[in-house]
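Protein chains in written order, with the numbering used here: chain A, 1 to 360; chain B, 1001 to 1249.
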Amino acid sequence: MHTGVDTVPSEQSAAEEGRTFYRSLVVRRQLTLAALALALFLSLCTDLALGPAPFSIGEVLAALFTPEDVSQQARVILWEIRMPVALMALVVGASLSVAGAQMQTILSNPLASPFTLGISAGASFGAALALAFGVAIIPTAVDYVIPINAFVMAMLTAFAIHLLSMRRGVTIETIVLLGIAMVFIFNSLMALIQFFASQQAVAAVVFWTMGSLTKATWPKLWIALGVLAMVMPLLARHGWALTAMRLGDAKAESLGVKPRTLRLEVLVLVSLLAAIAVAFVGTIGFIGLVGPHIARLLLGEDQRFFLPGAALCGALILSIGSVLSKVLIPGTIIPIGIITSLVGIPFFLFLVLSNKKASW
Amino acid sequence: MVTLTLDGLTARYGRRQILSAITVPPLVGGQVVAVLGPNAAGKSTLFRRIFGLLAGGGTVRITDAISERPVAYMPQETGVNAVLTVYESVLLARMQGRRLNVKPEDLAEVDRALDELGIVALGERDIGDLSGGQRQLVGAAQALVQNPEILLLDEPTSALDLHRQIQLLSILRRLAKERGMLVIAALHDLGHALRFTDQALILQEGRLAACGATDDVVTPELLRRVFQVEARIESCSRGRPQLIVEAAI
């Protein structure tokens, strides 16, 4: 300190110390992101290799990079059948995790996720309307009735929360409570649908709510990827402001951030992300909650690393889940929503409990 | 040098009037101004009104500022939830409104702010692990790193030990002189105000009770009227004014 009485280290050495530390921190985080990306690639290759007709990783790599060197059959299986499913796992995992990460950020709540805010429950209700009674909220092609119903209901839920949260005096705690209230409302409505629907329809609804990647197609994948590719840069643009939001509204405001405006904008973006993901694959609750927590443990909360980290962690969890769903019971593909929770939660608990530093 | 003028400032929360017609003659850079007053006098509200976080009547006029964002504000609240190191949290304050890539000069500013406040050693620590006093110093660094011309500090010494209080106020006084910065700090310790500040604004129930050179406005009569204490002000052997509080009224 420059008080005139204290002995102070020279400015040069102090400056070097801080900068050196920060630069090594950045390198460490870049390496972590690279390791996650590599793990994701390996998981994707494994996911592609597994199935009724198994392939070696070498064959998968050949089909990826020199498709003309593999048989027509392998090309069709890998590119036309397995690739959309495997990539959908990555895109949906990334979307749900990023949505959860930013909901946790803007609401300063470790429990916030598309699942706990009622967005997934809204989507399930929309899907159930189509599955049980053939109701199409917006008339559309048969293939897309369920996802569009799910999407519309998810977005309506998100807008209901937005409208209520814009009222004067509504705090971020109230927004979380509103989300939980939404979950209960939709759960009751789902129970009502199941009470009136046929046994066959109930089975279809239950299966949908378990979450499944098997209905993925290239067009659905492009839509989900397109939304993710559009939302990510918009979120990244607010990187510094979003990081500041974690210091609390008062602190963020003092740094020039407008918390209410930012919160609304980000809530719209991540609702879109979550709604699209849930609409195509059903309810997968665990990713949006845990993907961000793992990213936070590994990378901290500087959004320049946290945002891609959350995307990579979510994608990796769902991709590994997809692999496990094929290998746990040979010959059976277990719904992905079951696998991610059953296998992922013990792993997550291990990470949280073995970490000595606070993760929230 | 930068100049701040407050003209008829008012502010209200709902129906409750918090500030009434605060008019302060031009405060010029290079000096430290104390904002004094009992609890709930409107000190924090005045800062929020000056910084533009609260709408209200009257005008806040800043003249002769060089930068686009001349004012930095350190609120009382110190955010501690985020998983960030001290270095990152100060860099974060520097980078608001800027592009995502960090330039060497940004790191240099962070280093300078940490060094000025003597908290370089805290750089690697997680902000969640800091004591209240350390958080307050980090908050001051977050304000300083923005290179403000007007620095608003809401009770910057409330969680600091005596040694750190004296150090921080000495640093602020030196920086005000060196950089031509106008430092406005809410303080509860009137002794510190007498020793370290050039001017004082005294608030009482949202009104300006007095304003002027600190030595002139902090008087036994004002202490009795606004702070409800019996006190005398004497000169110590070095000629500095000393506040001796005898009793609460």
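C-beta atoms are modelled at their ideal positions from N, C-alpha and C, and glycine is treated no differently. All figures in this text were calculated on a predicted structure; none of them were measured in a lab.
*Does the beta-carbon of A:C313 have 16 or more other beta-carbons within 10 angstroms, so that it is buried, or is it exposed?*
Counting Cβ neighbours within 10 Å, A:C313 comes out buried, since at least 16 surround it.
*Between the region 16-32 of chain A and chain B, which residues of the former have a C-beta closer than 9 Å to a C-beta of the latter?*
Within the region 16-32 of chain A, the qualifying residues are E16, E17, G18, R19, F21, Y22, R23, L25, V26.
*Indicate whether the contact test is met: 3 or more Cβ pairs, each with one atom in the region 1199-1209 of chain B and one in the region 1239-1249 of chain B, closer than 8 Å.*
Taking a contact to require three or more Cβ pairs closer than 8 Å, the region 1199-1209 of chain B and the region 1239-1249 of chain B do not qualify as touching.
*Just the chain A side, please: which residues come within less than 9 Å of B:R1069 by C-beta, in chain order?*
G256, listed in chain order.
*Expressed to the nearest angstrom, what Euclidean distance is found between the alpha-carbon atoms of B:D1106 and A:G18?*
When rounded, the distance between both Cα atoms is 12 Å.
*For B:V1120, decide whether its Cβ has a neighbour in chain D, counting only Cβ atoms nearer than 8 Å.*
Of the chains in the structure shown, none is chain D; the protein chains are A and B.
*Cβ of A:I223 within 7 Å of any heavy atom in the ligand MN?*
Although the ligand MN was asked about, the structure shown includes no ligands whatsoever.
_I need the straight-line Cα distance from A:L40 to A:R23, nearest angstrom please._
Cα to Cα, A:L40 sits roughly 26 Å from A:R23.
*Simplified DSSP assignment, three categories, for A:G179*: Residue state for A:G179 is assigned as helix, using DSSP reduced to three classes.
*Under the three-state reduction of DSSP, which class applies to B:Q1136: helix, strand or coil?*
Here DSSP, grouped into helix, strand and coil, assigns B:Q1136 to helix.
*Is the number of C-beta pairs between the region 139-159 of chain A and the region 120-127 of chain A that are closer than 8 Å three or more?*
Contact between the region 139-159 of chain A and the region 120-127 of chain A is present, because at least three Cβ pairs lie under 8 Å.
*Measure the CB-CB distance between A:I336 and A:L349 and report whether it falls below 8 Å.*
No, the pair does not count as a contact, with Cβ atoms beyond the cut-off.
*Check whether the Cβ atoms of A:K326 and A:G93 sit closer than 8 Å, and answer yes or no.*
A distance of 8 Å or more separates the beta carbons of A:K326 and A:G93.
*Where are the alpha helix (DSSP H) runs, 4 residues long or more, that stay fully inside the region 204-281 of chain A, in chain order?*
Fully enclosed alpha helix (DSSP H) runs of 4 or longer: 218-237, 239-245, 249-254, 259-281.
_Interface flag, B:Y1013 vs chain A, CB-CB below 8 Å_ = In terms of beta-carbon proximity, B:Y1013 stays away from the interface with chain A, with every pair separated by 8 Å or more.
*asked:* Quick check on the DSSP output: what are the complete alpha helix (DSSP H) runs of length 4 or more inside the region 1081-1125 of chain B, in order along the chain?
replied: Within the region 1081-1125 of chain B, the complete alpha helix (DSSP H) runs of at least 4 residues are 1086-1095, 1104-1116.
_Residue-chain proximity (B:M975, chain A), Cβ-Cβ < 8 Å_ = There is simply no residue 975 of chain B to check, as chain B begins at 1001 and stops at 1249 in what is shown.
*Select from A:W218, A:L298, A:A181, A:M103 the residue whose C-alpha is nearest the C-alpha of A:P84.*
Among A:W218, A:L298, A:A181, A:M103, the Cα nearest to that of A:P84 is on A:W218.
*asked:* With distance defined between alpha-carbon atoms, name the residue in A:I138, A:L298, A:A101, A:L177 nearest to A:G118.
replied: Per the Cα distances, A:L177.
*asked:* I'd like to confirm the pairing. Which residues does DSSP put opposite A:T171 in its beta bridges?
replied: By DSSP's assignment, A:T171 forms no beta bridge with any residue.
*Alpha carbon to alpha carbon, how far is A:P9 from B:E1221?*
Interpretation of A:P9 is limited by its pLDDT of 47, a score under 50 that renders its predicted location unreliable; the figure taken from the coordinates is listed afterwards. Rounded to whole angstroms, A:P9 to B:E1221 spans 46 Å at the Cα level.
*Could you run through the region 1117-1145 of chain B and flag, in chain order, every residue whose CB is less than 9 Å away from some CB of chain A?*
Taking 9 Å as the Cβ-Cβ cut-off against chain A, the residues of the region 1117-1145 of chain B that qualify are L1117, G1118, I1119, V1120, A1121, G1123, E1124, D1126, I1127, G1128, D1129, G1139, Q1142, A1143.
*Taking 8 Å as the CB-CB limit, is A:E301 close to chain B?*
By this cut-off, A:E301 is an interface position.
*asked:* Output needed in chain order: residues of the region 1225-1240 of chain B with a Cβ under 8 Å from some Cβ in chain A.
replied: Those would be none; no residue qualifies.
_How far does the beta strand (DSSP E) with B:G959 in it extend, from its first residue to its last?_
No information on residue 959 of chain B is available, as it lies outside the stretch 1001 to 1249 that chain B covers here.
*Using a C-beta to C-beta distance shorter than 9 Å, which residues of chain B count as neighbours of A:R246?*
What A:R246 touches in chain B: G1079, N1081, A1082, V1083, L1084.
*Give me whichever residues DSSP pairs with B:M1074 in a beta bridge.*
Answer is B:L1153.
*Quick one: list the residues of chain B neighbouring A:W240, beta-carbon separation under 8 Å, in chain order.*
Correct list: L1092, M1095, Q1096, G1097, R1098, L1100.
*Of the listed residues B:A1021, B:Q1031, B:S1020, nearest to B:R1174 (C-alpha basis)*: For the set B:A1021, B:Q1031, B:S1020, the Cα lying nearest the Cα of B:R1174 is the one of B:Q1031.
*Which of helix, strand or coil does DSSP assign to A:S322?*
Helix at A:S322.
*Got a sec, what are the start and stop residues for the alpha helix (DSSP H) A:D143 sits in?*
Note, A:D143: alpha helix (DSSP H), 142-166.
*Does the beta carbon of B:E1221 come closer than 8 Å to any beta carbon on chain A?*
Not one beta carbon of chain A lies nearer than 8 Å to the beta carbon of B:E1221.
*Using the rule of at least 16 other Cβ atoms within 10 Å of the residue's Cβ for burial, across every protein chain shown, is A:S108 buried or exposed?*
The residue is buried, with at least 16 neighbouring Cβ atoms inside 10 Å.
*A:K215 to B:G1132, Cα distance in whole Å?*
Each residue's alpha carbon lies about 54 Å from the other.
*Any beta-carbon of chain A closer than 8 Å to the one on B:M1074?*
It does: the Cβ of B:M1074 has a partner Cβ on chain A nearer than 8 Å.
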